[in-house]
Amino acid sequence: MDKFGFTLVKGRRIDYDSNDRSIAEYVSAHEPSFRICIECGCCSAACTTGNFTQFSLREIQILLKRGENDGVRDKIKKCMLCGKCTLVCPRGVNTRNVILLIQEAFRKNIKNAV
Amino acid sequence: MGRRVVVIGGGVAGMEAAGQLARRGCNVTVFEKETETGGHVKNWFHLFPDRKDSRDVLRYLGNKINHNNITLFTGIAVEGIRPSNGSFSVFTGDGNEITADAVVVATGFDLFRSEKKEEYGYGIYENVITSADLERMFRKDQIRMHDGSIPGKIGLVHCVGSRDEKAGNLYCSKLCCVTAVKQAMEIAEHLEDAKVFCFYMDMRMGGAMYEELYREAQENYGIGFIRGKVSEVAQNIDNKLIVKVEDTLTGRPLKMEIDLLVLMAGMEMSEGGKKIAQSAGLDTGENRFFKPADLHFASNESNIKGVFYAGTCTMPMNITEAISHARAAAADVMDYLDKQKN
Amino acid sequence: MQFDPFVIPFNIGLYFILIYAVVRSVRWFSNLSRPDKLRLQRGFFGSAFGRSLKEIFMESLIHRKILKANFRLGYMHMSLAFGWFLLILFGTIEADIFGTRHLNPPYKAIFFKFFNPDHGRTGFEAVYSFLMDLILAFILSGLILAVIKRFSSKVVGMKKTTKLKLPDKIALTSLWLIFPSRLIAESLTSGVYGTGSFLTGSLGSVLASFLPANQLAYPFWWLYSLSLGTFFLLLPVTRYMHIPTELFLIFARNSGIRTGDQSGAFTEIQTYSCSSCGICIDACQLNFSTGITNIQSAYLMKGIRNNEDVNDIAFNCLMCGRCDRYCPVGIELTPIRMIRRRAESVEPPEKSLWSRYFPDLIKIVNTRSNGHPAFSWLPQIKTEATEVLYYAGCMTHLTPAIKKAMIRILDASGMNYRFLDEAGGVCCGRPLMLAGKDKEARELINFNSGLIRDSGARILVTSCPICYKVFRESYYLEVELMHHTQFIKMLIDEDMLRLRFLRKKVVYHAPCDLGRGSGIYDEPKDVLRHVARLQPTGFDDDDSLCCGGSLGNTRISYRQKNKIAADAASALTKGNPEILATACPLCKKTFTTVTDTRVADIAEIVAEAIAPNPPELKKHVVKELYREPADMI
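This is the structure we're talking about:
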């Protein structure tokens, strides 16, 4: 692109104000422990799926909390629900329910609902 | 009304409180359940942030407690406290009873039992040790793996038994981050060729000179810092430890082979403290530590008038804080005894 | 001809319910799968028939299982069911012997006293009247208990009782009215004629002494007939539908029909067989540890019957199988819940009266893997040939002590083995199934099946009961599948493992998926008895508690799970054992956080007991086997 000056490439910056965070809000409303994640990554470290393919629950949850929902719909389907993440989470987040709720929210096409 | 004070616990806070009270003319009896005074400090080699030899602190405290007004019983644990007519009966494990006008509870802390975090392999894999084990190695000047060989790659895991609902402890033990940084630097000093990594959730370097220590560890010691909580440790066929963690800053899972893994065990309410809390009816908080009457202006007072707290029996503290807290406890005891007299 | 208009409500109700029962049974039968139809046909004309009759007598009438579990509750059920049965039986005989003629229409027996008010004065007649009064008294005593239970369930020893909906309330009221109205009607008639035995006779003479018994009797006969008719007419849309359904269920079950993993007629029959007795509520740990009292199986059955959205109920369950164990009707509650989880959460449709009487068959399609794989990322793995294949399971990677112990045991056994998931494998699929994701689970099952087949292994050993259960039920494997406790038992029996006796006091916690889920109770205990002093806990075998860590429940919080775990652990460690032994990594992890007693897997205890110096020769063999597995096969 032959553009100079301070024009921003669209999408680089998280547009927090116009992003749609209703998926995250839907999950929080049904599973309040979704809110208490501290991004330690223990879930992703333990993750059986993450062993084989790019899948990080920690990343997914923060993307949703920022309203960066693109691509999460497909990513979240990779989970095998084995439950290791639930066992290691130091905050006691009910991770399996979080995953099911994210899938459900996408299935129901939750949008600007809350 | 006399000035008989019983101090339960001969660690940092107990010794400091006893010394202060003795100098102010109290008749102090100190009970220490172990055969020696000094608490956890005597197991430590060097102290953060200035790398002072722990023996210097022990010497200072030893001088304090060496006073005519102090009677010290070691190897005797206190089992209970009962108020009676404005004074207290203190019951000891050897079946004796002693009367006191005031009691200072300085029962300290226990280190988290790291074997409870089974996924980290303490007690299962030979080369997984705790921060306390490492201090013993420092003292012997021998940082060795179980088979006697010198470790090339060493990992330190923060928050073992702290900030962990699965370990039953929601609170931050405050000292593990700075201890890890200090220990990482010491390892680097002891073993020139060793590579040292800290696995942390958050670096909590809030104390005096802590942040400077952190910076020094990066700048002069080449310590590696990886932001992610270790989920599990495995062992491969060559007896190397495999640490699984997410490098949360790159967003990718990270696997590392480690020779020696050090678990930074957190602080918990001591077993002795729990027993006393139960028998005397002293309030404990959700974190199981003794609950001070007020966190702001009565952090030494308990729910029983005449029973005071000193040091880490109320919350995780460093030595500086424990000494200050003990002095404050001594001041509170003096006030109390003066009021009782009039 | 002996007839009076008041018998019409009863007649309408009776013939309606008889026809309805036939129609409904035909519908159920035609909805059964072909093999199940054959089973039922064979069962009906075979030995299953006798067994079914016996079971109907023991369970549907006597209520033996409820009596055993809770005497007062059992007595209540027995007096109503068995008492009513006796009343009809002896009433029919009475009408036959003493009536104007033989082979009467049913109303003659039910309203015998009205048509034969003079009956029962002397001799055999009086004895028979006494018997009929005794039966009525028996029923009424149970009815009194039932009324009390409705208002205070503690009286019959129940902690909780089920809540009712409107048709149930009307039906319940009419049921409650049946026997008191009969009592009063008979008494009044007896009072007028000076007949009746100790109950109706005495009450009758008292009532007749100050009431116009002659005028009052007739309305009460009407009330008796009306309450019977109402009860029968409403029966299909209330929980009392369980009475006729249970008969069908007993025949079907004795013919060998099981729930399996398919929804269908048998699932529906079971759903309608639930009497809402509430025993499952008392057995449920979610009730007595966390105070959750609206999700138990009785509510699930009721919700399904009423076509309600039961999604929240279906998922809020540990799937421990305790309710199955205690259900006096023997309904396969957990398999039904498992099937129900596959259904999407949907808005319940409008319910017409017709659909209440003839509901659509509850059909939840058992999805098979189709052309759209969810797990396209599954890796290409090649398994190497081996004799024993060890699948630790996801959870076991978080309990390295179990893994290490198993390696020690496998090494000591001298068998040639390999890990299927040394550095973490692909999940077994059961967690997905527990979440209702059957189709996705099928992909993992296919994937793992391939790996297992390629290894050519003779034995597949797993440490995790969750995996064990799904391997057993949903994989079609040709290997011998063993939980590690079974494997260790085999090694001990075949003298491939020499163990010392540890002299430790041990209690055993049977994991849900291994015990109630797979029926493995003896091998773990045999192994423990071989190496330690095993003590009973009062929660042994199928009375076992759930540790609370179950993957089955996605709805409760970590703290609620912890509460269940703490309660279970303290119940299990009451006798101060040195070790709380279990056979599941998840149970182990869950209990470790809540008890100071040492928690250990059986494998760990066995590894500890392995004699320290195995013979030199064996050691050598082990090494050889381990290095050259391919040559050994």
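So the sequence lines, in the order shown, correspond to chains Y, W and V.
So for the first sequence, numbering that gives the first Met the number 0 puts the first residue at 0; every next one is plus one.
So for the second sequence, numbering that gives the first Met the number 0 puts the first residue at 0; every next one is plus one.
So for the third sequence, numbering that gives the first Met the number 0 puts the first residue at 0; every next one is plus one.
Note that beta-carbon positions come from the ideal geometry of N, C-alpha and C, so glycine has one too.
(message) Once the 5 residues before and after ARG326(W) are set aside, which same chain residues still bring their CB inside 6 Å of it?
(response) Position 327 of the second sequence, counted from the start, is the residue given in the question as residue 326(W). These residues qualify, in order along the chain: GLN19.
(request) Identify, in the order they occur along the chain, each residue of the same chain with its Cβ nearer than 7 Å to the Cβ of ASP163(W), setting aside the five sequence neighbours on each side. (result) Position 164 of the second sequence, counted from the first residue, corresponds to residue 163(W). Taken in chain order, the list of residues that qualify is empty.
(request) Answer yes or no: does any C-beta atom of chain W fall closer than 8 Å to that of VAL87(Y)? (result) Within the first sequence, the letter at position 88 stands for residue 87(Y). Yes, its Cβ sits closer than 8 Å to a Cβ of chain W.
(request) Put SER86(W) into one of helix, strand or coil per three-state DSSP. (result) Position 87 of the second sequence, counted from the first residue, corresponds to residue 86(W). Taken through DSSP and simplified to helix, strand or coil, SER86(W) comes out as strand.
(message) Please state whether the Cβ-Cβ distance between ILE75(Y) and ILE35(Y) is less than 8 Å.
(response) Locating residue 75(Y) in the first sequence gives position 76, where the first residue counts as 1. Locating residue 35(Y) in the first sequence gives position 36, where the first residue counts as 1. It is not a contact, given that the beta carbons lie outside the stated cut-off.
(request) Output, in chain order, the set of chain V residues within a Cβ distance shorter than 9 Å of SER21(Y). (result) Indexing the first sequence from 1 puts residue 21(Y) at position 22. Contact annotation for SER21(Y) against chain V: no contact, minimum CB-CB distance about 18 Å [criterion: below 9 Å].
(request) Let me know the beta strand (DSSP E) ranges lying completely inside the stretch 489-514 of chain V, each 3 residues or longer, listed in chain order. (result) Runs found: 504-507.
(message) Which complete alpha helix (DSSP H) runs does the stretch 249-308 of chain V hold, if anything under 4 residues is left out?
(response) The qualifying runs are 264-272, 278-282, 284-289, 296-304.
(request) Could you please give me the residues that DSSP links to VAL104(W) through a beta bridge? (result) Here residue 104(W) refers to the residue found at position 105 of the second sequence. DSSP, once it has assigned bridges, lists ILE7(W), TYR308(W) as partnering VAL104(W).
(message) So within the stretch 404-449 of chain V, which uninterrupted beta strand (DSSP E) runs reach at least 3 residues, ignoring any that extend past its ends?
(response) If we require 3 residues or more, the beta strand (DSSP E) runs fully inside the stretch 404-449 of chain V come out as 416-418.
(request) Assign TRP27(V) to one of two classes, buried (16 or more other C-beta atoms within 10 Å of its C-beta) or exposed (fewer than that). (result) Residue numbering aside, residue 27(V) sits at position 28 when the third sequence is read from its first letter. Per the 10 Å Cβ criterion, buried.
(request) Please state whether DSSP places LEU190(W) in a helix, a strand or coil. (result) The sequence position of residue 190(W) within the second sequence is 191, counting from 1. Correct three-state label for LEU190(W): coil.
(message) Out of ASP521(V), SER24(V), ILE87(V), ASN69(V), which one is the CA nearest neighbour of GLY277(V)?
(response) Locating residue 277(V) in the third sequence gives position 278, where the first residue counts as 1. Considering only alpha carbons, the answer is ASN69(V).
(request) List the whole-angstrom C-beta distance separating ARG471(V) from SER412(V), where the pair is believed to meet the contact cut-off of C-beta under 8 Å. (result) Your numbering for residue 471(V) matches position 472 in the third sequence. Your numbering for residue 412(V) matches position 413 in the third sequence. No, ARG471(V) and SER412(V) are not in contact; Cβ-Cβ is about 22 Å, not under 8 Å.
(message) In whole angstroms, give me the CA-to-CA distance for PRO523(V) and LEU397(V).
(response) Within the third sequence, the letter at position 524 stands for residue 523(V). Within the third sequence, the letter at position 398 stands for residue 397(V). Those two C-alpha atoms are separated by around 21 Å.
(message) Taking its Cβ as the centre, do 16 or more other Cβ atoms sit within 10 Å of TYR356(V), making it buried, or is it exposed?
(response) As a position in the third sequence, residue 356(V) is number 357, starting the count at 1. Sixteen is the threshold: since fewer than 16 other Cβ atoms of the shown chains lie within 10 Å of the Cβ of TYR356(V), the residue is exposed.
(request) Check each residue of the stretch 221-241 of chain W: if its Cβ is closer than 8 Å to any Cβ of chain Y, include it; give the result in chain order. (result) If you check each beta-carbon in the stretch 221-241 of chain W against every beta-carbon of chain Y, the ones closer than 8 Å belong to ARG226, GLY227, LYS228, VAL229, SER230, GLU231.
(request) Starting from the Cα of PHE374(V), find the closest Cα among GLY537(V), THR244(V), LEU443(V) and give me that residue. (result) If you number the third sequence from 1, residue 374(V) lands on position 375. The shortest CA-to-CA distance from PHE374(V) to any of GLY537(V), THR244(V), LEU443(V) is the one to LEU443(V).
(message) Going by beta-carbon coordinates alone, are LEU78(Y) and PHE54(Y) separated by less than 8 Å?
(response) In the first sequence, the residue the question calls residue 78(Y) occupies position 79. In the first sequence, the residue the question calls residue 54(Y) occupies position 55. A quick correction: the sequence has Cys, not Leu, at residue 78(Y). With contacts defined by Cβ atoms closer than 8 Å, CYS78(Y) and PHE54(Y) form a contacting pair.
(message) Is the separation between the beta-carbon of ILE109(V) and that of GLY90(V) shorter than 8 Å?
(response) Here residue 109(V) refers to the residue found at position 110 when the third sequence is read from its first residue. Here residue 90(V) refers to the residue found at position 91 when the third sequence is read from its first residue. Closer than 8 Å, so yes.
(message) Just to make sure I have the definition right: I need the residues of chain Y whose C-beta is within less than 7 Å of the C-beta of GLY250(W). Which are they?
(response) Position 251 of the second sequence, counting from 1, holds the residue named residue 250(W). Simply SER55, GLU58.
(request) Rank CYS197(W), ALA276(W), LYS239(W) by C-alpha distance to the C-alpha of ASP246(W) and give the top, closest one. (result) Numbered from its first residue, the second sequence carries residue 246(W) at position 247. Residue CYS197(W) is the option with its Cα nearest to ASP246(W).
(request) Determine, using beta-carbon pairs with one atom in the stretch 502-509 of chain V and one in the stretch 414-425 of chain V, whether at least three such pairs fall under 8 Å. (result) Result no; under three Cβ-Cβ pairs closer than 8 Å.
(message) Can you pull the chain V neighbours of ILE123(W), defined as C-beta to C-beta under 7 Å?
(response) Taking the second sequence and counting its residues from 1, one reaches residue 123(W) at position 124. Result: PRO399, ALA400, LYS403.
(request) To the nearest angstrom, report how far apart ALA207(V) and ARG181(V) are at their CA atoms. (result) Counted from its first residue, the third sequence places residue 207(V) at position 208. Counted from its first residue, the third sequence places residue 181(V) at position 182. Linking ALA207(V) to ARG181(V) through their CA atoms gives a straight-line distance of about 16 Å.
(message) For a quick check, are the C-beta atoms of LEU317(V) and GLN284(V) less than 8 Å apart?
(response) Within the third sequence, the letter at position 318 stands for residue 317(V). Within the third sequence, the letter at position 285 stands for residue 284(V). At the C-beta level, LEU317(V) and GLN284(V) come within 8 Å of one another.
(request) Tell me where the beta strand (DSSP E) around VAL29(W) begins and ends. (result) Stepping through the second sequence from its first residue, residue 29(W) is reached at position 30. Membership of VAL29(W) in the beta strand (DSSP E) is indicated by the continuous run 26-31.
(request) Quick one: list the residues of chain Y neighbouring PRO358(V), beta-carbon separation under 8 Å, in chain order. (result) Here residue 358(V) corresponds to residue number 359 of the third sequence, with the count starting at 1. None at all; the shortest Cβ gap to chain Y is about 27 Å.
(request) Have a look at GLU607(V), ALA610(V), THR594(V), VAL605(V) and flag the residue whose alpha-carbon is nearest the alpha-carbon of GLY167(W). (result) For the purposes of this step, residue 167(W) is taken as residue 168 along the second sequence, with counting starting at 1. Ranking the options by Cα distance to GLY167(W), first place goes to THR594(V).
(request) Measure the CB-CB distance between GLY284(W) and THR106(W) and report whether it falls below 8 Å. (result) Translated into the one-based positions of the second sequence, residue 284(W) becomes position 285. Translated into the one-based positions of the second sequence, residue 106(W) becomes position 107. In this structure, THR106(W) does not lie closer than 8 Å to GLY284(W) by Cβ.
(message) For a test of the three-state rule: what should DSSP assign to GLY1(W), helix, strand or coil?
(response) To locate residue 1(W), count along the second sequence from 1; it is residue 2. The answer is coil: DSSP assigns GLY1(W) none of H, G, I, E or B.
(request) Consider the Cβ of VAL127(W): report whether some Cβ of chain Y lies at a distance smaller than 8 Å. (result) Taking the first residue of the second sequence as 1, we reach residue 127(W) at position 128. No - not a single Cβ of chain Y is within 8 Å of the one on VAL127(W).
(message) Less than 8 Å between C-beta atoms, sequence neighbours within five positions excluded: which residues of the same chain meet that for ILE98(Y)?
(response) Locating residue 98(Y) in the first sequence gives position 99, counting from the first residue. The residues are LEU56, ILE75, CYS78, LEU80.
(request) Check the C-beta distance from GLY160(W) over to PHE111(W) and give it rounded, since I have them as a contact under 8 Å. (result) Working through the second sequence from its first residue, we reach residue 160(W) at position 161. Working through the second sequence from its first residue, we reach residue 111(W) at position 112. Confirmed, Cβ separation roughly 3 Å.
(request) Scan the stretch 103-153 of chain W and note each continuous alpha helix (DSSP H) run of 4 residues or more that stays entirely inside, going in chain order. (result) Listed in chain order, they are 130-139.
(message) For MET204(W), which residues in the same chain have their Cβ closer than 7 Å to its Cβ, ignoring the five residues on either side in sequence?
(response) By one-based count along the second sequence, residue 204(W) stands at place 205. CYS176, VAL177, GLU210, TYR213.
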